[in-house]
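Peer 1: FYI, UniProt numbering numbers position 61 of the sequence shown as 61, with every residue one higher than the one before it. Where is the CB? At the ideal position from N, CA and C, for every residue including glycine. Provided herewith is a single structure, encoded as structure tokens, for subsequent inquiry.
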Amino acid sequence: MSEQDQKKLPGAAPDAPVHSAGAGEGTGGLAERYREALLPVFGSPQRILARGAGVRVWDTDGTEYLDLLGGIAVNALGHAHPAILSALTKQAETLGHVSNFFATAPQIELAEKLLTLAGAPAGSGVFFANSGSEANEAAFKIARRTGRPRILALSNSFHGRTMGALALTSKEAYRAPFEPLPGGVEFLEAGDERALAEALAPGDVAAVFAEPIQGEAGVRPLGGEYLRALRRLTRDHGTLLVLDEVQTGMGRTGHWFAHQAIEGLQPDVMTLAKGLGGGFPVGAVLSFGADVHDLLQPGQHGTTFGGNPLAAAAGLAVIGTLLEEGLLEHVRTVGAQVSADVLALEHPLITEVRGDGLLLGIGLAQPIAKQVAAEALEAGFILNAPDESTLRLAPPLIITSADLDTFVAALPDLLTAATADGE
Ligand code: PLP
């Protein structure tokens, strides 16, 4: 920390102006009030949203948007889905929160459902958290409890922003301001089997953390061959394979979990969040089999809100609806269709479509993805640019082909407008 930074630490001077709510504004001026009231972590909000229904949201000016991002792979059932509303209302009327000295039926039921969907063997178990980062923190602790000193993560990984999750995240810009991070983590080139074999050979690696599709890195699948090698080598060396399915889980790829696209592949630990609560904060860690079950002993980890009955009720509503409405198959169908339609544009700026189901990255030949996303917003489509040359689509899983068609039809004009922006 620089000397100048240190001098700033004591906080606001005693005579600093005091915040006053609303500062005399009406319902307008929300952007200004945001800047006054919130820390500048996310920069300025692109829009202030007022409501959502299905796959659409409206901003405070009443402008409508087709939500092709779903809160970044969160709003699995879209906005204000009746199944979630009814589950939350019923649960809130019945029992809203208990301490973790107690348990509730929804918490137990959600854990059982997740284990079943994951095909987890006897002796498996679930720990509930509130976010993806927190789920990865718990997985990090499980790894530490093996007693082995080294943990491996992959190039371009993203596992969250809390200190442990950040230690597993490769991006230097996210890490550097917060050094020193928890130690013992090494990064391997994703896809490099030889490097993996060499790193595991000494037998002192507790765990390898990997995302089956690296979402924040631009929707980059690790690929079946590398995932199989990860499983084989970690098993051979008694190392835990931790799959972070925070972004890829809960039907997003047309499978309950992305790794299930690969016959017979099962991790030792899996982390979930995002789509699991369909817009309400739920995270989970699944440990597979008896060997992992007792690594975290009673009293070694905990959380106030994890497993909260309202959060669990939301998770159950998401799973129930995905099942009842056959949405996994729907995701596979519309995902394949929109990928094919984007490629069929044969647009010179579109190089490829990566990903699976409804987690898709449209690769661009030029670094204009941020401009395209800005043009899309102006045209009424919400999507984002995880890197300079990728557009990410992660819409609600209920989205129809007709809605996706409107985006594909608009895409050439958005690309043209974005190219003009840069000139
Ligand atoms: N892991 C992955 C793969 C993610 O994509 C994210 C968020 O984008 C996280 C972890 C962190 O989740 P959260 O933002 O809920 O803490």
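Out of Leu-152, Gly-62, Gly-249 and Thr-234, state which residue places its alpha-carbon closest to the alpha-carbon of Leu-397.
Peer 2: Cα-wise, what sits closest to Leu-397 is Gly-249.
Peer 1: For Ala-23, I'd like the list of residues in its chain whose CB is within less than 6 Å of its CB, leaving aside the five on either flank, ordered along the chain.
Peer 2: In this predicted model, Ala-23 has a pLDDT of only 44, less than 50, meaning its place in the structure is not dependable; the value taken from the coordinates is given anyway. Within the same chain, Ala-23 has no close Cβ partners at all.
Peer 1: Per DSSP, Asp-59 is paired with what?
Peer 2: Answer is Leu-49, bridged to Asp-59.
Peer 1: Mapping DSSP to helix, strand and coil, what is Val-185?
Peer 2: It is a strand residue.
Peer 1: Report the rounded CA-to-CA distance for Ala-418 versus Leu-49, giving the unit in angstroms.
Peer 2: Cα-Cα distance, rounded: 24 Å.
Peer 1: Within a Cβ cutoff of 7 Å, which residues of the same chain sit near Val-185, ignoring the five residues on either side of it in sequence?
Peer 2: Within the same chain, Val-185 has close Cβ partners Ile-151, Ala-153, Ala-167 and Leu-168.
Peer 1: Which one or two residues does DSSP pair with Pro-386 in a beta bridge?
Peer 2: BP columns for Pro-386 are empty, so no partner.
Peer 1: Pick from Gly-254, Lys-113, Gln-247 and Arg-175: whose alpha carbon is nearest that of Gly-326?
Peer 2: Closest option to Gly-326, Cα to Cα, is Gly-254.
Peer 1: Check whether the stretch 171-181 touches the stretch 110-120, taking contact to mean three or more Cβ pairs, one atom from each stretch, closer than 8 Å.
Peer 2: No, because fewer than three Cβ pairs between the stretch 171-181 and the stretch 110-120 fall closer than 8 Å, the two stretches do not touch.
Peer 1: Rounded to a whole number of angstroms, what is the C-alpha to C-alpha distance between Ala-199 and Phe-42?
Peer 2: Roughly 36 Å separates the two Cα atoms.
Peer 1: If you follow the beta strand (DSSP E) that Ala-284 is in, where does it begin and where does it stop?
Peer 2: Taken as a continuous stretch (DSSP letters only), the beta strand (DSSP E) holding Ala-284 covers 283-287.
Peer 1: Taking the DSSP output, what are the residues bridged to Glu-64?
Peer 2: DSSP output for Glu-64 lists Trp-58 as bridge partner(s).
Peer 1: Among the candidates Phe-280, Asp-421 and Gly-380, whose CA atom is the shortest distance from the CA of Gln-371?
Peer 2: Of the candidates Phe-280, Asp-421 and Gly-380, the one whose C-alpha sits nearest the C-alpha of Gln-371 is Asp-421.
Peer 1: Are Leu-272 and Ala-135 closer than 8 Å when you measure CB to CB?
Peer 2: Yes, the pair counts as a contact, with Cβ atoms nearer than the cut-off.
Peer 1: Should Asp-294 go down as buried or exposed, given a rule of 16 or more other Cβ atoms within 10 Å for buried?
Peer 2: Label assigned to Asp-294: exposed.
Peer 1: What's the gap between the Cα of Gln-297 and the Cα of Phe-257?
Peer 2: So the alpha carbons of these two residues sit roughly 27 Å apart.
Peer 1: Output yes or no for whether 8 Å exceeds the beta carbon distance between Phe-128 and Gly-277.
Peer 2: It is not a contact, given that the beta carbons lie outside the stated cut-off.
Peer 1: Can you list, in chain order, the residues of its chain whose CB lies under 8 Å from that of Leu-241, leaving out five sequence neighbours each side?
Peer 2: Around Leu-241: Ala-207, Val-208, Ala-210, Leu-230, Arg-231, Thr-234, Arg-235, Pro-267, Asp-268 and Val-269.
Peer 1: Could you give the uninterrupted runs of the alpha helix (DSSP H) lying entirely in the stretch 321-352, keeping only those of 4 residues or more?
Peer 2: 327-344, all fully within the stretch 321-352.
Peer 1: Would DSSP call Met-163 helix, strand or coil?
Peer 2: Met-163 falls in the helix class under three-state DSSP.
Peer 1: How would you call Ala-143, buried or exposed, if buried means at least 16 neighbouring beta carbons within 10 angstroms?
Peer 2: Label assigned to Ala-143: buried.
Peer 1: Distance, Cα to Cα, Ala-376 vs Ile-362?
Peer 2: Taking the straight line from one Cα to the other gives about 14 Å.
Peer 1: Report yes if the C-beta distance between Arg-252 and Leu-359 is below 8 Å; otherwise report no.
Peer 2: Cβ distance < 8 Å, so Arg-252 and Leu-359 count as in contact.
Peer 1: Use the C-beta contact count for Thr-390: other C-beta atoms within 10 angstroms, 16 or more gives buried, fewer gives exposed.
Peer 2: So Thr-390 counts as buried.
Peer 1: Is it true that the CB of Ala-83 sits closer than 8 Å to the CB of Gly-335?
Peer 2: Not closer than 8 Å, so no.
Peer 1: Pick out the complete beta strand (DSSP E) segments inside the stretch 131-175, 3 residues or longer, and give them in chain order.
Peer 2: Here the runs fully enclosed are 150-154.
Peer 1: Using the Cα positions of Gly-29 and Gly-125, report the straight-line distance between them to the nearest angstrom.
Peer 2: If you take the alpha carbons of Gly-29 and Gly-125, they lie about 48 Å apart.
Peer 1: Would you mind working out which of Val-285, Pro-412, Leu-345 and Thr-351 sits nearest His-301, comparing C-alpha positions?
Peer 2: For His-301, the nearest C-alpha among the options comes from Val-285.
Peer 1: Quick check on this structure: which residue in Tyr-174, His-330 and Thr-303 has the alpha carbon closest to the alpha carbon of Phe-101?
Peer 2: The residue with the shortest Cα to Cα distance from Phe-101 is Thr-303.
Peer 1: Would you say the beta carbon of Phe-257 is closer than 7 Å to some non-hydrogen atom of the ligand PLP?
Peer 2: Answer for Phe-257: no, Cβ out of range of the ligand PLP.
Peer 1: Using C-beta distances below 7 Å, list every residue in its chain close to Ser-339, excluding the 5 sequence neighbours before and after it, in chain order.
Peer 2: The residues are Val-353 and Leu-360.
Peer 1: Check whether the Cβ of Ser-133 lies closer than 7 Å to any heavy atom of the ligand PLP, and answer yes or no.
Peer 2: Indeed, a heavy atom of the ligand PLP lies less than 7 Å from the Cβ.
Peer 1: Per the DSSP calculation, Asp-356 is bridged to which residue(s)?
Peer 2: BP columns for Asp-356 point to Leu-359.
Peer 1: Just to confirm the assignment, what range does the beta strand (DSSP E) spanning Ala-206 have?
Peer 2: Unbroken beta strand (DSSP E) run through Ala-206: 205-210.
Peer 1: How about Phe-407 and Leu-39: do their beta carbons lie closer than 8 Å?
Peer 2: No, the pair does not count as a contact, with Cβ atoms beyond the cut-off.
Peer 1: What's the gap between the Cα of Ala-409 and the Cα of Gly-380?
Peer 2: The straight-line gap from Cα to Cα measures roughly 13 Å.
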